[in-house]
Amino acid sequence: MNPLTKEAYQMRKVCAVLLIMLVAVAGCGIKNGNGTKDGEGKKVIKVGFIAPLTGDRRVQGEAARRGFELAIQQYKGDFKIVPVIADDRNNDMTSKVARKLIEQDKIVALVSPLANPALNNDKVILLTGTQRDLEPDALTKLTYGVTNLLLNAINNANSDNPVKIKNALNQEAKILESN
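Counting from 1, position 82 in the sequence shown corresponds to residue 69 in the working numbering; the numbering is continuous, with no gaps.
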């Protein structure tokens, strides 16, 4: 498999998972009351994205950004999702950038490799595609986040099947909403 084909396959997989996550985020994000309506009467929510878009990891960051933007373009739900994209420069700026997106840009969800329990206080849903700990329960320490929803749904479903993952996400989202 040549690198372009491998990247295209990975991008399709990332897009499918992101679409599932964005549907879950859209439903949970409205609870925060940060949404407004657009000209078509659709609820508008802001979803932040942080990745290394410059520096030595920019190739991975740009690939993730393209997948994020494609997922939003392909989303055909009841909400209009406005992306707010930021560069963490592949250093320790991720927390500062996340804080800016939360406080100034008023995002309701964040797509980032960052897994920070400090986001719990802001009731911002965190979507992450990384799991740095081999223990599946490590991410469940986040009390308000889709990291535990998505990653545990994928791990527990033991499957790449989007239908199984979506069902697990819906089940976890109900638990999240009740908290």
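Glycine included, C-beta positions come from ideal geometry on N, C-alpha and C.
| Check | Outcome |
| --- | --- |
| Beta-ladder partner(s) of isoleucine 68, from DSSP | Ile32 |
| Glycine 64 to glycine 48 span [Cα, whole Å] | 26 Å |
| Three-way DSSP call (helix, strand, coil) for aspartate 109 in this model | helix |
| Element boundaries [alpha helix (DSSP H), containing leucine 57] | 45 to 61 |
| Selected residue, minimal CA-CA separation from lysine 87, among Gly35, Ile68, Glu27 | Gly35 |
| For aspartate 109 and asparagine 77, believed in contact at Cβ under 8 Å, the rounded distance | Going by Cβ atoms, the distance from asparagine 77 to aspartate 109 rounds to 24 Å, so no, they are not a contact pair. |
| Nonlocal neighbours in the same chain, by C-beta distance under 7 Å from aspartate 92, ignoring five residues either side | Lys33, Gly35, Val71 |
| Of the listed residues Phe55, Lys29, Gly28, nearest to leucine 114 (C-alpha basis) | Phe55 |
| Leucine 97 in three-state terms, based on DSSP | strand |
| Simplified DSSP state of leucine 114, which is helix, strand or coil | strand |
| CB-CB length for leucine 40 against aspartate 79, believed under 8 Å | No, leucine 40 and aspartate 79 are not in contact; Cβ-Cβ is about 16 Å, not under 8 Å. |
| Enclosing alpha helix (DSSP H) for glutamate 90 [first to last residue] | 81 to 90 |
| Burial state of lysine 67 (16 or more Cβ within 10 Å) | buried |
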